[in-house]
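Its first residue numbered 0, the sequence shown is counted upward by one per residue in numbering that gives the first Met the number 0. Glycine is no exception: its CB is placed at the ideal position from the N, C-alpha and C atoms. The structure appears below as C-alpha cells.
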Amino acid sequence: MTAILFGGDYNPEQWPEDVWHEDVRLMRDAGVNTATVGVFSWSSIEPTEGRFTFDWLDRAITLLHENGIGIILATPTASPPPWFSIAHPEALPTTAEGVRLIHGSRDTYNPAAPAYRAAAARITEELAARYGAHPALRGWHLHNEYGTVSFGAEVDARFRDWLERKYGSLGALNRAWHTTFWSQGYASWEQVVAPQATQYLRNPGQLLDFKRFSAALLLECYQDQIDIVRRLSPDAPVTTNFMLPSWLHYDPWAFASASDLVAVDHYVDARGVEGAAHAAFGADLARSFGGGRPWLLMEQAMNLTMRGGRLLAKEPGAGMRTSLQHVARGADGILFFQWRTAPAGAEAFHSTMVPHVGPDSRVFREVRELGQLLGALDGVASPLGSSTPAPVVTTRVAIAWSADAWWAADSPGLPAPDLDFLPAVRRVHRALWMLGRTADFVRLDDDLDRYDLVLVPSHCIASDAEAAALDGFVRGGGHAIVWYFSGTFDDELHVELGGYTGRFAETLGIRVEELHPLEDGESVALDTGTNGARWAETVRLRGAEATVRYADGPTCGEPAITVHRHGDGTARYVSTCLPDDALAALLEASLAEAGIEPDAPEAGDGLEVVRRSGADGTYVVAINHGATARTVTLHGVDAFDGSRVAGPIELAARAFRVLRAQ
Ligand code: GAL
C-alpha cells in the first residue's frame, strides 16, 4: 500500500535543534509521513557564494529519516540570498517602471539573467548530487511558485531573440502588433523592447507576446533544474508547486508536461459553502493540468490564510473537509504551508500545523485527526508520479481553460472591464458544483471527444486549431455553450472581421453585429422574465435559432441566447451575463440534452459527492458543506469503520462519509 502523503513545508533552519526533536515526535504523533525541506533555505545552505553548509541539512534529513518521515526536497532558488544581489546587481528584477528591486523579501531575481541561472543551477546540482539517492527522498520540489517577471536590458535582449524566432522578420512583427497605429513601426530589431511603463495604453499585441515570452522564460528556468535533477537523481519524481490561480505568469499546461506529476498550492478564499466551491475549483484544475492523473496538494492552510490585509479565519473542521475534497478530486498528497508557525518574519500569523500556542490546540488536534483519516485511506494513493491510468475522476463535462485566453482578456482597450477570464471560468465551475457536478478543464485544441458537454466562458482569443477543434467536436455530436465575446480575436489578437465571436461564428450559426457593454448596475430584461447584466449584443441568426430574446434595452426583440444544431451536435451562445438561477437552468438543460447523469441525484447546493478511483478500487466521498442535514443515497463500505451502506443515509451538517465502492 502507498500512503497518501501528509505533512508540509518544514524549515528546521528557523529553529534550534532541540525543537527538531519535538517536531519529529509531534509529526509521528500526527501521522505525518512527509516533510518538504529546503524551500527558501538558500542563505542557510550557501551563506557566501560557493561555500556550502550542508551539515545542518544532513542532520535534519537524517532525523526525519530515522523517524520514518520521507522528504520532498526543494531547491531554494525562489529566494537568492543578500550576497547574490550584491555580487550580481544586473541579475536583480526590474519593474515595468524601471525600478531595480533588491533583496529583503523573496522572489528577487531576474529569470533572464545569466548570473541568476548559473547560481540556481549550481545549488541545484549540489543538492541533487548530495541527496539525489537518499533513501528518505520521495521527490523534488523545484523552486517555489514560479512567477517572477522582470524587465531590463537582459530581458529586452531575450525578448527580441524570442520574437525573431517567432516572426522571422520585422515586417511580420510590425503586422502582428499592428504598429501603424500610434506610430509604433519598428525599423530595426534593436528598437524593440519589452512593454514597460509608457504614456497611455500599451500595445496589446506586444503585451500578449511579452506574457507568452515571460512564461517561456520561466519554463526554461524550470527545465534547467529538471535536467540537472533527472541526471543526478533519476529515480525521484520531479514537480514544482503551481500557485493556483490568482495570477498567471506561466502556462500550467506546459509546466505540467515538463513535470512527473502536478503539484499545486491552493488557499481557499472564503468560509463555508463558497470556500468549498473554491477548493473544488482548485482541485479540478490541478487534476486537469495533470491529464487526469493523481496530483499533490503541496500547500494549503489549516486556519488563518494570507489574502492581503485581513487574514481569512477558517471554521473548525474546514481543514479536514477541504483536504477530503482534494483527495476525492485526485490528490495523493495533502501538505501544508508550513509545519510550525515561526515567531517572527513576514508570515508569522499565517496558520500552520503547529500554531504559536503549541500542540495543545484545536488546530493541532485537527491535524492529528486528519492524519488518522488519511492513514485509513492508504488504498487510494499510487506511487508518486506513476502513470496510473487516467483519469482518477471521470466526468463528461469540461470547461475550456487557456493561459492565452486569460492573458488576452487582460489586454488594454477592451470594451468592458469585466470580460476577465478567471471570474467567468470560476463562475461556470461554481454553478456546476452547486448542481452537484464535477468538471474537468481542457484546452480547446486537446482531445475533446472525452466529453459530451464543453463550456467556453470568456475565451476571447482562439487559434485556428482551437476554433477547428470546437467545430469538429460539435459536428461530431458534442454539445457546447459559448459565452459572449469568446472567439473575437485570432491568436495574434486581431479582431476577426465580419462579426464578433467570429472564430466560432460558423459553429454557433450567428453573426454578432454590435457590442453593448452595459453600465454598472444596468440590466436588460429577457423574455424569460429574468435579466441580463454587464453586457448585451446585437446577434443575427445565421442558421441558429433564438431560445431567449431581449425584452428591452438597445437590442429589444433580438436574440439573447441561441442554439445551433450543427452536424450531430448543438452549439449554444449566451450574449449576456445571466443571473445565478438562469445560469444554473441553462447548464441543467444542457447537461440533460447531453445525457449526462449526476453521480448522486441529491448532490448540489453544498452537498458534494465525488467518485474517485484509487490504486485499490473506487471510493465515494460525500461531504455536506452546508448548515443543515442532507439525505444522500450511497453504496459501499465505510473506509473507516467498515460498516456497510446501501441506500439513503442522513449526513449531518458539515459531516462526511468515505465509502469504498463494491
Ligand atoms: C504560498 C507560498 C508559501 C507561503 C504561503 C502562505 O504562496 O509558497 O511560501 O508564503 O503562500 O502565504
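Assignment of ALA504 by DSSP, reduced to helix, strand and coil, places it in the helix class. Closest in C-alpha terms to MET433, from the list ALA602, LEU413 and TYR450, comes ALA602.
Assignment of beta-bridge partners to TRP534 by DSSP yields PRO516. Between ALA588 and VAL473, the CB-CB gap reaches or exceeds 8 Å. Its chain contains ALA119 and HIS142 as the residues whose beta carbon lies nearer than 6 Å to that of THR76, once the 5 sequence neighbours on both sides are disregarded; these appear in chain order. In the DSSP assignment, TRP482 falls within the beta strand (DSSP E) that extends over 478-482.
With a cut-off of 7 Å, the C-beta of MET242 is classified as near the ligand GAL, since at least one heavy atom of the ligand falls inside that distance. In the three-state reduction of the DSSP assignment, PHE420 falls in the helix class. Around the beta carbon of PHE180, a 10 Å sphere encloses fewer than 16 other beta carbons of the protein chains shown; the residue is thus reported as exposed.
Across the structure, ARG436 and PHE280 are spaced so that their CA atoms are roughly 12 Å apart.
Judged by DSSP secondary structure, LEU633 falls within the beta strand (DSSP E) whose first and last residues are 629-637. The Cβ atoms of GLY477 and VAL453 sit closer than 8 Å to each other. Counting only the Cα atoms, VAL38 lies some 15 Å from TRP14. With a threshold of 16 other beta carbon atoms within 10 Å, GLN222 falls short and is exposed. Taking each of PRO553, HIS458, GLU314 and GLN371 in turn and checking the Cα distance to PHE5, the smallest one comes out for GLN371.
ILE101 counts as exposed, since fewer than 16 other C-beta atoms from the protein chains shown sit within 10 angstroms of its C-beta. If you ignore the 5 residues before and after LEU284, its C-beta comes within less than 8 Å of the C-beta of LEU243, PRO244, PRO251, VAL263, TRP400 and PHE440, all in its own chain and listed in chain order. Note that the C-beta distance between GLN224 and THR123 is below 8 Å. Burial state of ASP445 is buried, judged by a 10 Å Cβ sphere holding 16 or more other Cβ atoms.
The segment 129-144 and the segment 82-99 do not touch, with fewer than three beta-carbon pairs separated by less than 8 Å.
With at least 16 other beta carbons inside 10 angstroms of its own, LEU525 counts as buried. In summary, HIS355 is exposed, with fewer than 16 beta-carbon neighbours lying within 10 Å of its beta-carbon over all protein chains present. At the C-beta level, TYR572 and LEU507 come within 8 Å of one another. Assignment of ARG201 by DSSP, reduced to helix, strand and coil, places it in the coil class.
VAL455 places its beta carbon 8 Å or farther from that of VAL379. For TRP188, no alpha helix (DSSP H) run applies, since DSSP gives it neither H nor E. For the 8 Å CB-CB criterion, PRO553 and ALA545 do not form a contact. Boundaries for ASP264: no alpha helix (DSSP H) harbours it, while the beta strand (DSSP E) harbouring it runs 262-264, taken from the DSSP string.
The segment 529-543 and the segment 497-516 touch, with no fewer than 3 CB-CB distances between them shorter than 8 Å. THR387 and VAL562 have their C-alpha atoms roughly 39 Å apart.
Taken through DSSP and simplified to helix, strand or coil, TYR145 comes out as coil. Restricting attention to PRO416, ALA404 and ILE3, the CA atom closest to the CA of ASP489 is found in ALA404. In this structure, HIS349 has its beta carbon less than 7 Å from a heavy atom of the ligand GAL. Using a Cβ distance threshold of 8 Å, GLY290 and VAL391 do not count as a contacting pair.
When distances are taken from the beta-carbon of PHE336 to the heavy atoms of the ligand GAL, the shortest one is below 7 Å. Contact check for ARG629 against LEU606 passes: the beta carbons are separated by less than 8 Å.
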